[in-house]
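If you're matching positions, the sequence shown starts at 16 in the numbering used here and goes up one per residue. All C-beta atoms, glycine included, are put in the ideal place defined by N, C-alpha and C. Below: the structure, in C-alpha cells.
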Amino acid sequence: MVEELKYRGELKPRSDAPSTESLDDASRPSNIGYFRDGTTLASEDPDEIQDAVSRVYAPHRLEVAPGLLRVDSRLNTIELGDVTVGYLTYGQTVCLEIPPGALTAYHVNIPVAGQAETIYRGGSVSGTTTLGAFYGPGQPATIRWDQSCSQICVKYPIKALERELETLLNRPIGKRIEFEPGVNVGSPDGIRWLRTITLLDRSVELLDHPVLSKRLECLVIDGLLFGHRHNYSDELYNSQSEGRSKAVQHAIDYIESHPAEPVGVRDLAKVSGQSVRALQLSFQRSLGMSPMTYLRDVRLSRAREQLLRAPSGSMTVTRVAHDWGFLNPGRFAALYREKFGEMPSETLRGI
Numbered sequence: 016m017v018e019e020l021k022y023r024g025e026l027k028p029r030s031d032a033p034s035t036e037s038l039d040d041a042s043r044p045s046n047i048g049y050f051r052d053g054t055t056l057a058s059e060d061p062d063e064i065q066d067a068v069s070r071v072y073a074p075h076r077l078e079v080a081p082g083l084l085r086v087d088s089r090l091n092t093i094e095l096g097d098v099t100v101g102y103l104t105y106g107q108t109v110c111l112e113i114p115p116g117a118l119t120a121y122h123v124n125i126p127v128a129g130q131a132e133t134i135y136r137g138g139s140v141s142g143t144t145t146l147g148a149f150y151g152p153g154q155p156a157t158i159r160w161d162q163s164c165s166q167i168c169v170k171y172p173i174k175a176l177e178r179e180l181e182t183l184l185n186r187p188i189g190k191r192i193e194f195e196p197g198v199n200v201g202s203p204d205g206i207r208w209l210r211t212i213t214l215l216d217r218s219v220e221l222l223d224h225p226v227l228s229k230r231l232e233c234l235v236i237d238g239l240l241f242g243h244r245h246n247y248s249d250e251l252y253n254s255q256s257e258g259r260s261k262a263v264q265h266a267i268d269y270i271e272s273h274p275a276e277p278v279g280v281r282d283l284a285k286v287s288g289q290s291v292r293a294l295q296l297s298f299q300r301s302l303g304m305s306p307m308t309y310l311r312d313v314r315l316s317r318a319r320e321q322l323l324r325a326p327s328g329s330m331t332v333t334r335v336a337h338d339w340g341f342l343n344p345g346r347f348a349a350l351y352r353e354k355f356g357e358m359p360s361e362t363l364r365g366i
C-alpha cells in the first residue's frame, strides 16, 4: 500500500516500487486517487497545498471556509513529456481564484467525484463526471469545489498543442487554438480521451520508456484536439477525412507492391504525402490499425501463400519467415497462429 505522505517542502518523487492497488473501474479513483505512483503530496495545511498546486499548475488564491484551519488534500502528478497529468482533491468545500495572466498553458479539469463550478467572464461550467472545464492561457476563473470533489487536472503547454496541430494539419497555424469551455467526457471521443488518461494510472512504468512515453503523450494531446471542440476542429476533421482515403490508399498500394522490402513508417509517410503522425491516425480511423500492423498482416498472408504452394520438402518455415521480413521464427510462428489458427509448420505439411 502506498504510504500517505504528510510533510512540508518539496513534492516527493515517485518510488520505483510498483503499486499493489488496481482500478476495477476506470471511471472511479482509488481511495488515494489516480497517479499515486507519481509525485505525491498529502497535506492538512491549506497554505501548503496552495503552494504545491501553484507550482505544478498555476498561481492562484485558495479560499477556505472562515475558521477552517485544516483540509484533507491530496495532489498526485506525473509528467508525460511536456504534459502534466494530476489528481487533486481538497476534502473540503473550497474556492480557487485564478487571476488574469496566471495561466500560461491550456488546462482541463475533469471531476471524477463530486462537482466543481467554474465561473468565467461571461459564462460558467458546472463540472460533473461527464462534463469538465477548459481553461485557456491568460484566462481568469473562479473554481468552486464541493467537499466531495476530486478532479483529474491536465496541463498542456501551448507549444506542445500547437506543434501537434500543425503536424496534423500539415501547415503552420496563424491563430492561437481557442477551445470551448465545457469538455464533454461523456461523448465517444471524450470517453476515449479519458480512458487514455486513466491508463497512465495503471501503466506508470511505461513512462520510463522514452518511445512509449512519447506515444502516450501524443495520444493525450490528440485526444484533446479531436475530442474537444476548438476553432480548428472543422479543418482538422476535414483534412483527415479528405486526405485519409488517398493517403492510406497510397500507403496500401506501396505495401502491396513491396511487402518483402525493409519498409518503415517514415517510408510509408513519405509515399503517402502525410506526416508520420497524420498517417498513423488516418490508418487507425480508416482500418482500425497502424500502418505497420497492416504491413505485418500483408506479410503474413504472403507467407501463407508461399507455404501453401511449396512442394513437399522444398521449403522450411524459417526460410519463409526470413523471406517476408520475420527474423525471429518463434515470433513469426506465434503471429501466424494468432492470425490463421494454425502453426506455419502445419500449413507447410498440409495438415
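| query | SER58: which of ARG346, ARG85, PRO114 and PRO359 sits nearest, CA to CA? | reply | To locate residue 58, count along the sequence shown from 1; it is residue 43. Taking only the C-alpha atoms, the option nearest SER58 is ARG85.
| task | Find the nearest neighbour of PRO61 within the set GLY53, SER139 and LEU77, judged by alpha-carbon distance. | result | For the purposes of this step, residue 61 is taken as residue 46 along the sequence shown, with counting starting at 1. With distances taken between CA atoms, PRO61 lies nearest to LEU77 out of GLY53, SER139 and LEU77.
| query | Counting only runs that start and end within the region 273-310, where is the beta strand (DSSP E) found for 3 or more residues in a row? | reply | Complete beta strand (DSSP E) runs here, min 3: none at all.
| query | If we count Cβ pairs, one from each stretch, closer than 8 Å, do we get three or more for the region 105-112 versus the region 240-250? | reply | Between the region 105-112 and the region 240-250, the count of C-beta pairs closer than 8 Å stays below three; the two stretches do not touch.
| Between the C-alpha atoms of GLN166 and LEU209, what's the straight-line distance to the nearest angstrom? | In the sequence shown, counting from the first residue as 1, residue 166 sits at position 151. In the sequence shown, counting from the first residue as 1, residue 209 sits at position 194. Whole-angstrom Cα-Cα distance: 12 Å.
| field | Secondary structure of ALA57, DSSP reduced to three states | value | As a position in the sequence shown, residue 57 is number 42, starting the count at 1. In the structure shown, ALA57 sits in a strand (DSSP, three-state: E or B).
| What separation, rounded to the nearest whole angstrom, lies between the Cα atoms of GLN264 and GLY303? | Locating residue 264 in the sequence shown gives position 249, counting from the first residue. Locating residue 303 in the sequence shown gives position 288, counting from the first residue. Each residue's CA atom was taken as its position, placing GLN264 and GLY303 some 14 Å apart.
| task | With ILE188 as the anchor, note down where its alpha helix (DSSP H) starts and where it stops. | result | Sequence index remark: in the sequence shown, residue 188 carries index 173 (1-based). First-last for ILE188: undefined, no H or E at that position.
| Is the region 202-220 touching the region 265-272 in the sense that three or more CB pairs, one from each, lie closer than 8 Å? | Cβ pair count under 8 Å is below three, so no.
| query | If you follow the alpha helix (DSSP H) that ALA348 is part of, which residue opens it and which one closes it? | reply | Position 333 of the sequence shown, counted from the first residue, corresponds to residue 348. Note, ALA348: alpha helix (DSSP H), 344-355.
| said: So the candidates are LEU234, GLY340 and GLU250; which of them puts its Cα closest to the Cα of ARG292? | reply: Here residue 292 refers to the residue found at position 277 when the sequence shown is read from its first residue. For ARG292, the nearest C-alpha among the options comes from LEU234.
| field | Cut-off 7 Å between Cβ atoms - residues of its own chain near GLU353, not counting five sequence neighbours on either side | value | The residue you call residue 353 lines up with position 338 of the sequence shown. By the criterion of a C-beta distance shorter than 7 Å, GLU353 is surrounded by no residue of its chain, once the five residues flanking it on both sides are discounted.
| field | Simplified DSSP assignment, three categories, for THR104 | value | Looking up residue 104 in the sequence shown gives position 89. In this structure, THR104 counts as strand in the three-state DSSP scheme.
| message | Applying the 10 Å Cβ sphere with the 16-neighbour rule, what's the burial state of VAL226? | response | As a position in the sequence shown, residue 226 is number 211, starting the count at 1. VAL226 should be labelled exposed.
| task | Give the straight-line distance between the Cα atoms of ARG186 and LYS170, rounded to the nearest whole angstrom. | result | Residue numbering aside, residue 186 sits at position 171 when the sequence shown is read from its first letter. Residue numbering aside, residue 170 sits at position 155 when the sequence shown is read from its first letter. Approximately 24 Å between the Cα atoms of the pair.
| field | Pair within 7 Å by beta-carbon distance, GLY96 and VAL123 | value | Taking the sequence shown and counting its residues from 1, one reaches residue 96 at position 81. Taking the sequence shown and counting its residues from 1, one reaches residue 123 at position 108. Going by C-beta atoms, GLY96 is not nearer than 7 Å to VAL123.
| message | Quick check: the Cα distance between ASN343 and THR54, rounded to an integer number of angstroms? | response | Mapped onto the sequence shown, residue 343 falls at position 328. Mapped onto the sequence shown, residue 54 falls at position 39. Spanning the two alpha carbons is a distance of roughly 40 Å.
| message | Quick check on the DSSP output: what are the complete beta strand (DSSP E) runs of length 3 or more inside the region 167-240, in order along the chain? | response | Within the region 167-240, the complete beta strand (DSSP E) runs of at least 3 residues are 197-199.
| field | Coarse secondary structure for ASN246, derived from DSSP in three states | value | Against the sequence shown, residue 246 aligns to sequence position 231. DSSP, reduced to helix, strand and coil, places ASN246 outside both helices and strands of the structure shown, so it counts as coil.
| field | Bridge partner(s) assigned by DSSP for ILE158 | value | Start at 1 with the first residue of the sequence shown, and residue 158 comes out as number 143. As DSSP reads the structure, ILE158 sits in a beta bridge with LEU111 and THR133.
| task | Quickly, what does DSSP pair LEU77 with across the bridge? List them, please. | result | The residue given as residue 77 occupies position 62 in the sequence shown. DSSP output for LEU77 lists LEU111 as bridge partner(s).
| query | Under 7 Å, do THR133 and ALA156 count as touching if we go by C-beta distance? | reply | Residue 133 sits at position 118 when you count from the first residue of the sequence shown. Residue 156 sits at position 141 when you count from the first residue of the sequence shown. In contact: THR133 and ALA156 (Cβ atoms closer than 7 Å).
| query | What three-state label does DSSP hand PRO152 in the structure shown? | reply | If you number the sequence shown from 1, residue 152 lands on position 137. Three-state result, PRO152: coil.
| field | N- and C-terminal bounds of the beta strand (DSSP E) containing SER360 | value | Along the sequence shown, read from residue 1 onward, the residue named residue 360 stands at position 345. Annotation: SER360 is outside any beta strand (DSSP E); the continuous alpha helix (DSSP H) that includes it extends over 359-364.
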